[in-house]
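Undergrad: Residue numbers (the numbering used here), protein chains in the order written: chain A, 1194 to 1606; chain B, 171 to 479.
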Amino acid sequence: MSNAIEVHGVSKTFHIPHERQTTLIERLLNGFRPLPVEELAALDDVSFEIPAGCFAGLIGYNGSGKSTLLKILAGLLVPDSGRVVVNGTLSPLLELGLGFHAELTVRENAALYGAVLGYPEHEIDQRVDEVIRFAELERFRDAKLKSLSSGMLVRLAFSTALRADADILLLDEVLAVGDVQFQRKCMDVFADLRQQNKTIVLVSHDVGAVTAYCEKVFWLDHGRLVMQGEPHEVVTTYLALSQQVIDDGASSNLDHPAHHRTGDGRVRYVAVRLLDDTDTPVTVLRTRTRAVLSLDVEGRSDPNEPVFGMVLRRGGEVIYSTNTTLIGARVAPFAAGEHRQVRFAFDVALANGFYVIDIAIVDRVKATIHDWVTNAVCFQVEGSTCHDGIADLAAGLDSVPAPAGAVAAGRES
Amino acid sequence: MGGGAATGHLRRRALGRSIEPLLHGRGLPVRVRLCHSPVFTAATRPAVPTPSTEAAPMDRRQWHLITQFAVKDFKIRYTHSLLGYTWSLLNPLIFCVIYYLVFSVFIRFDVPNYPGYLLLGIVLWTFFAEGSTHGVGSMLARGGLVTKVAMPRHVVVYAAVLSAGLTFVINLAVLAVLLRVTGSPITPAALVFPLQLIDLALITLGISLLLSCLHVRYRDVGYLWGVVVQIGFWLTPIIYQQAMIPEQWRWLATYNPLARIIQDSRQILIYGVVPEWTAMVKTTLVCLTVMLAGLATFRRLQARVVEYY
């Protein structure tokens, strides 16, 4: 078995009605005239192959067709034309919080979802136990699902999908959620799965994770596959093109589901830019320079006492996180409708590689989350002398001791 | 890292936008219309079957799923209630008592063994009403699952109807007790009763399959079906006798499969008479037709249902 997934000339167009008429009466009144529709070519003649045992990454800007492609691979959507060949069983983990039922217990949910994913009947009990252990939910085994936190739900969904023992695993932005410890655990499992010749397809905005884990990266843009190959090369080009998009004045849409935005929105981010030491928006930073994370913030409803925070990550690993309180700054409350800019300046003490920043606004007193956007900014760091690692500590040589022989020779002369 | 030349090459690809035909498209059968056929072509179907959404012949796994869903559905329905499953008994019993009071005591219908007559009608109708309502709504209700996991989607519909079937079984047990108490003898005619149950299951499933995908697209279907069930209750001889309908309206009961199933069941269980065979066969054929139409419609509509949630 050479290829786990083969996609041959797959196209998919969605017809989006301009005015949504969902009721029969509305359609009757309209005399069943064809509705004015906008055709959205989500995928346009996409072909590629993923070899068995490959950890493949799928990157692209919002709306590039990544999720559509994943849904077609998962057999949820039917392509308009083209052919998809899947060799082996497949376990999808698309958007989280899967078809679980809040009124059933953790066990029952895992058993039900496991049955859907194809756990063999006689192994269900045993596998469900393993799932619960892996998800670290032993204490909540018989708790109703509604009493679980969203992080626990993610862990349960993920563990259940993992234990389906499928040959191919489809993951949509899973690395963006869940705590760092669990993410690391998952990466360990991925390493195991790869050794068992299992195939993983990861869709992510986190270019750091993609370069860290994937062997092959596919880049979709406007429904077309524009590039595929070695992760580092694809991601570098991808970020270079992001730079072009930034130069054209387009700002990223923080509301896109890929960013996993949460919070009550009392104070919200409107735009985010990463600037270099000359105040130019960039996607590539030189190491040992100073960068600015510029955040446009809007107050939605007062009173509020916002604390602003940033989390710098690579893959599942947090490299640095801070907030305005830790820095010792107190940001004045935002009036409703008020717009202001918050700018974090920081040292790019980073090794060469790809990084992402999550941004957050939290209430100072109640610690409730106003806004939390994962993968808000992606960037690349260049110019570091770091051999292997994540930080550039700017090593230099203080004194150069001469070899003993040379010293003796020096004295003689 | 790849040399400058390689990067340049890749960059050109990026700008060129459609590199994939150069790499893979050549000589492959592209642009095959695949509107209503499975995503996974038969020729390439793997040894271990990939979960497809197609209605495949029932296998063990699907049965397991259906029963699991049905049992969990049934369980969920009565959480947060003190009486729990008792409600599935109480509901038809309470209505039965009310109708008995109104129609037998107040209006003085003269029907032999009216309690049994009434309860049988109500129990059969309740299954049809509940099963079809849940069945029609099942695809929408289970959207969270249907849109995220490739599974045989008809499982969801069958499970909804089966879940109503569990209540039905409990109700039938109560009915059996009542018939016993009111002195309706069990005769060999009762052997024909399973045929009525099959008819009932077929028509309930058929309607559910017929409308469940449509319901996702047009929510009206759900409301409309609710109205049909309400009207149906009064147009079907459940609390009254078919003979009470004036001659010119009698066709309403004659062409109503539910009326025929209920009437025949009464003949069998209460009066111990085997109904006329040709009439029974006709009813079965109608129910079978509805079921086949439902299967065909579902098969056609389920492929693209995900786009309409």
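All C-beta atoms in this analysis are idealised placements derived from N, C-alpha and C, irrespective of residue type, glycine included. None of these values were measured; they are calculated from a predicted model.
Any contact of the segment 409 to 416 of chain B with the segment 318 to 334 of chain B, i.e. 3+ C-beta pairs under 8 Å?
TA: The segment 409 to 416 of chain B vs the segment 318 to 334 of chain B: no contact.
Undergrad: Going by DSSP, which residues form a beta bridge with A/R1479?
TA: A/E1575, per the DSSP bridge assignment.
Undergrad: Could you give the residue range of the alpha helix (DSSP H) that holds B/Q411?
TA: It is not in any alpha helix (DSSP H) - B/Q411 carries neither H nor E in the DSSP assignment.
Undergrad: For B/M450, list the residues DSSP reports as bridge partners.
TA: B/M450 is not bridged to any residue.
Undergrad: Pairing CB atoms from the segment 413 to 422 of chain B with CB atoms from the segment 354 to 374 of chain B, are three or more of them under 8 Å?
TA: Short answer: they don't touch.
Undergrad: Under 7 Å between beta-carbons, which chain D residues line up against B/Q238? List them in chain order, please.
TA: Structure shown: chain D not included; protein chains present are A and B.
Undergrad: Given this structure, state the Cα-to-Cα distance separating B/V218 from A/L1349, to the nearest angstrom.
TA: Confidence in B/V218 is poor, its pLDDT being 34 and thus under 50, which makes the residue's placement unreliable; the coordinate value appears in the next sentence. So the two alpha carbons sit approximately 25 Å from each other.
Undergrad: Can you name the start and end residues of the alpha helix (DSSP H) that A/Y1548 belongs to?
TA: Looking at the DSSP string, A/Y1548 is not in any alpha helix (DSSP H); the run it does join, the beta strand (DSSP E), is 1546 to 1556.
Undergrad: Going by DSSP in three states, A/L1251 sits in which element: helix, strand or coil?
TA: If DSSP states are grouped into helix, strand and coil, A/L1251 belongs with the strands.
Undergrad: Starting from B/A320, find everything on chain A with Cβ-Cβ shorter than 8 Å and list it in chain order.
TA: Those within 8 Å of B/A320 in chain A are A1267, G1268, L1269, L1283, P1285.
Undergrad: Would you mind sorting B/L253 into buried or exposed? The rule is 16 or more other CB atoms within 10 Å of its CB.
TA: With fewer than 16 Cβ atoms within 10 Å of its Cβ, B/L253 is classed as exposed.
Undergrad: From the DSSP output, in three-state form, read off A/P1496 for me.
TA: A/P1496 falls in the coil class under three-state DSSP.
Undergrad: So, is A/A1354 buried or exposed, given that buried needs 16 or more other C-beta atoms within 10 angstroms?
TA: With 16 or more other Cβ atoms within 10 Å, it is buried.
Undergrad: Are the C-beta atoms of B/R201 and some chain A residue less than 7 Å apart?
TA: A caution first: B/R201 carries a pLDDT of 29, below 50, which makes its placement in the model unreliable, though a value can still be read off. Chain A contact via Cβ: present.
Undergrad: Under the three-state reduction of DSSP, which class applies to A/G1422: helix, strand or coil?
TA: Note: A/G1422 maps to strand in three-state DSSP.
Undergrad: Which chain A residues sit within Cβ distance under 7 Å of B/I373?
TA: Ordered by position in chain A, no residue passes the 7 Å Cβ test against B/I373, which lies about 23 Å from the chain.
Undergrad: Going along the segment 1501 to 1514 of chain A in order, which residues come within less than 7 Å of chain B, judged by CB to CB distance?
TA: The segment 1501 to 1514 of chain A vs chain B, Cβ under 7 Å: nothing.
Undergrad: My understanding is that B/W340 touches B/L259, with C-beta atoms under 8 Å, so please give their C-beta distance in whole angstroms.
TA: A quick correction: the sequence has Ile, not Trp, at residue 340 of chain B. Rounded, the Cβ-Cβ distance is 6 Å, consistent with contact.
Undergrad: By Cβ distance below 8 Å, which residues in the same chain neighbour A/V1524 in space, the five residues on each side in sequence not counted?
TA: Around A/V1524: P1499, V1500, F1501, T1517, V1535.
Undergrad: Between which two residues does the beta strand (DSSP E) holding A/R1461 run?
TA: Here the beta strand (DSSP E) through A/R1461 covers 1460 to 1468.
Undergrad: Does DSSP put A/P1285 in a helix, in a strand, or in coil?
TA: Of the three classes helix, strand and coil, the one that applies to A/P1285 here is strand, per DSSP.
Undergrad: Across the segment 1322 to 1333 of chain A and the segment 1251 to 1258 of chain A, are there enough close Cβ pairs to call them in contact, namely three or more that are closer than 8 Å?
TA: The segment 1322 to 1333 of chain A, when compared against the segment 1251 to 1258 of chain A, does not touch it at the 8 Å Cβ threshold.
Undergrad: Looking at chain A, which residues of the segment 252 to 284 of chain B have a Cβ within less than 8 Å of any of its Cβ atoms?
TA: Within the segment 252 to 284 of chain B, no residue has a Cβ that lies closer than 8 Å to any Cβ of chain A.
Undergrad: Using three-state DSSP, classify A/M1187 as helix, strand or coil.
TA: Here chain A has residues from 1194 to 1606 only, and residue 1187 of chain A is not among them.
Undergrad: Using the beta-carbon of each residue, which ones in chain B are nearer than 8 Å to A/L1297?
TA: Near A/L1297 (Cβ distances below 8 Å), the residues of chain B are K242, K245, I246.
Undergrad: Can you tell me which of the three DSSP states A/H1294 falls into?
TA: It is coil, neither helix nor strand.
Undergrad: Looking at the strands, I want to know which residues DSSP matches up with B/T280.
TA: Correcting the residue type first, residue 280 of chain B is Asp in the shown sequence and not Thr. Looking at the DSSP assignment, B/D280 forms no beta bridge with any residue, so it has no partner.
Undergrad: Could you confirm whether any beta carbon from chain B is found closer than 7 Å to the beta carbon of A/E1314?
TA: It does; some Cβ of chain B falls within 7 Å.
Undergrad: What does the Cβ neighbour count give for A/S1592, buried or exposed, with the cut at 16 atoms within 10 Å?
TA: Exposed is the call here.
Undergrad: For B/C383, which option in B/F265, B/G464, B/T296 has the closest C-alpha, if you only look at C-alpha atoms?
TA: Nearest C-alpha to B/C383: B/G464.
Undergrad: On the three-state DSSP scale, how would you describe B/G402?
TA: Looking at B/G402 - three-state DSSP - the assignment turns out to be helix.
Undergrad: DSSP puts A/E1408 in a beta bridge; with which residues?
TA: Answer by DSSP bridge pairing: none, since A/E1408 is not bridged.
Undergrad: Show which residues of chain A have a CB atom less than 7 Å away from the CB atom of B/A473.
TA: V1271, listed in chain order.
Undergrad: In chain order, which beta strand (DSSP E) runs of at least 3 residues are fully inside the segment 1350 to 1385 of chain A?
TA: Qualifying beta strand (DSSP E) stretches, in chain order: 1361 to 1365.
Undergrad: For A/E1314, count the other beta carbons within 10 Å of its own beta carbon; 16 or more makes it buried, fewer makes it exposed. Which is it?
TA: Classification for A/E1314: exposed.
Undergrad: Less than 7 Å between CB atoms is the rule here; does B/H304 satisfy it with respect to chain A?
TA: No, because no Cβ of chain A sits closer than 7 Å to the Cβ of B/H304.
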